[in-house]
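Per our numbering, the sequence shown starts with residue 1, numbered consecutively. From the three backbone atoms N, C-alpha and C, an ideal C-beta is built for every residue, glycine too.
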Amino acid sequence: MVCAPLMLQWEFPQIDLLLKKIRPNESNIIILVDWDYDALSAFVAALKVDVKISLPEWITTTIEAMTVSSLTNDIISVATQFGGTAFGRLVLVMHSLQEYHAVTTMLRRVESGTELQPCMQKMSEGIFLASLYILSGSSLIVAEVIPYENLALDEGKRSMFK
1 MVCAPLMLQW EFPQIDLLLK KIRPNESNII ILVDWDYDAL SAFVAALKVD VKISLPEWIT
61 TTIEAMTVSS LTNDIISVAT QFGGTAFGRL VLVMHSLQEY HAVTTMLRRV ESGTELQPCM
121 QKMSEGIFLA SLYILSGSSL IVAEVIPYEN LALDEGKRSM FK
């Protein structure tokens, strides 16, 4: 698999600090979540314009009260509902392939759910809410960062994650 250059919107020291707390090992699978805060702001704004939209049950706020922070918290919470551990909104740690499957399945449900797709359709082509990277190694200095392989969505649906 080809490794992507690491182009995260946040600081390497922040990631290394989190990794020191996590103590990665060979049995952990780590996903780094690089949120695009401009895209998230536009997405939340689009949701607020279309107040008739029905929110998925995993969203914990009303449309009017939704913020970028509440949306990202909700996405991380639902992603780790059946396995995995979240460290803030930036790092997801899975301790087995089963947990990895559970987390990626939930992320897939988030982006393929019909409730949020109308707002995703309003986003410019090529815009994603977050880039996901799989990390191997105990520090970014020796890490291999592999882009998350997203499966194609049904026709007419837009991916939220790349």
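- With a cutoff of 8 Å on beta-carbon distance, V33 and L90 are scored as near each other.
- Selection K48, A79, A86 and E57 evaluated against V68 yields K48 as nearest (Cα-Cα).
- With contacts defined as CB atoms closer than 8 Å, I63 and L135 fail to qualify as a contacting pair.
- Secondary structure within the stretch 64 to 107: the alpha helix (DSSP H) runs of 4 or more consecutive residues, fully enclosed, are 68 to 79 (chain order).
- Check the Cα spacing between Y133 and each of E155, S27 and Y100: the tightest is with Y100.
- Annotation for L32: the continuous beta strand (DSSP E) segment containing it runs I29 to W35.
- A distance below 7 Å between beta-carbons, with the five flanking residues on each side excluded, links L107 to the following residues of its chain, in chain order: A79 and F161.
- DSSP, read as helix, strand or coil, puts L40 in helix.
- A distance below 8 Å separates the beta carbons of K157 and S112.
- With contacts defined by Cβ atoms closer than 8 Å, V93 and N28 form a contacting pair.
- In this structure, DSSP gives L135 an extended state, which the three-state scheme calls strand.
- Take the alpha-carbon of A45 and the one of N73: they are about 17 Å apart.
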